[in-house]
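Asks: Below are the structure tokens for one structure; questions will follow.
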Amino acid sequence: MSEVRGADGDGRPRTVPEAARAGGGTGLPDGLLEPWDELGVPLMVDERQVKSWREVIRPGETHPTHTHRHPWITVVVSGGTGESWTGDGVLVGVGSLPTGLTRYNGEDLLPRRHFVRNTGGDEVVFVAVELRIDEPVLEQDAPDAQAE
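For the sequence shown, the UniProt record's numbering gives the first residue as 1, with consecutive numbering after it.
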């Protein structure tokens, strides 16, 4: 079981079975995981049309490769420097991640399989807000998408 926050009227944490988070109940085929499951982080918001989680990457660390299948917004809560890689190990971005940077990652990028490496001396913290308005974009459904 995992603790998530829901709009159940009181804002208190509630638990949901793992099966409702990965594969079963999410619209994904068996064997495909949600990004927060691949990252190993809990959801902060778990609603039908919105999911949100927090990622912390310590200096020199790389967070796990994960796949986005829905549009999402990334907010840099605590910035630094980093590298962005595709899931198959191609470097596609190097640079600064300034605190406060907010980026919309739309359907044209989906599916997006990637990971980020913290190359600086400061902890980098992101909040991701996934928008679940449409069905997930599965690998076999989408044209080749290059990751940032």
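C-beta: ideal position from N, C-alpha, C; glycine also.
From a predicted model like this one, the values you see are computed outputs, not experimental measurements.
Between the C-alpha atoms of Arg58 and Met44, what's the straight-line distance to the nearest angstrom?
Replies: Rounded to whole angstroms, Arg58 to Met44 spans 20 Å at the Cα level.
Asks: Kindly provide the ranges of any beta strand (DSSP E) runs that are 3 or more residues long and lie completely inside the stretch 79 to 110, ordered along the chain.
Replies: If we require 3 residues or more, the beta strand (DSSP E) runs fully inside the stretch 79 to 110 come out as 80 to 86, 91 to 97, 102 to 105.
Asks: Looking only at C-alpha atoms, which of Asp134, Arg113, Gly106 sits nearest to Pro64?
Replies: Cα-wise, what sits closest to Pro64 is Arg113.
Asks: Determine the DSSP secondary structure at Glu135, reduced to helix, strand or coil.
Replies: Coil at Glu135, not helix or strand.
Asks: Let me check one thing: in DSSP terms, what residues is Leu43 bridge-paired to?
Replies: DSSP output for Leu43 lists Trp53 as bridge partner(s).
Asks: Quick check: the Cα distance between Leu32 and Thr119, rounded to an integer number of angstroms?
Replies: In a straight line, the C-alpha of Leu32 is about 29 Å away from that of Thr119.
Asks: State the beta-bridge partners of Ala67 as determined by DSSP.
Replies: According to the sequence shown, residue 67 is Thr rather than Ala. Beta-bridge pairing links Thr67 to Arg113.
Asks: Assuming Leu110 contacts Val92 under a Cβ cut-off of 8 Å, what Cβ separation, rounded to an integer in Å, is found between them?
Replies: At roughly 15 Å, the Cβ-Cβ gap does not stay under 8 Å, so Leu110 and Val92 are not in contact.
Asks: Could you compute how far the alpha carbon of Leu97 sits from the alpha carbon of Val77?
Replies: If I take the Cα positions, the gap works out to 10 Å.
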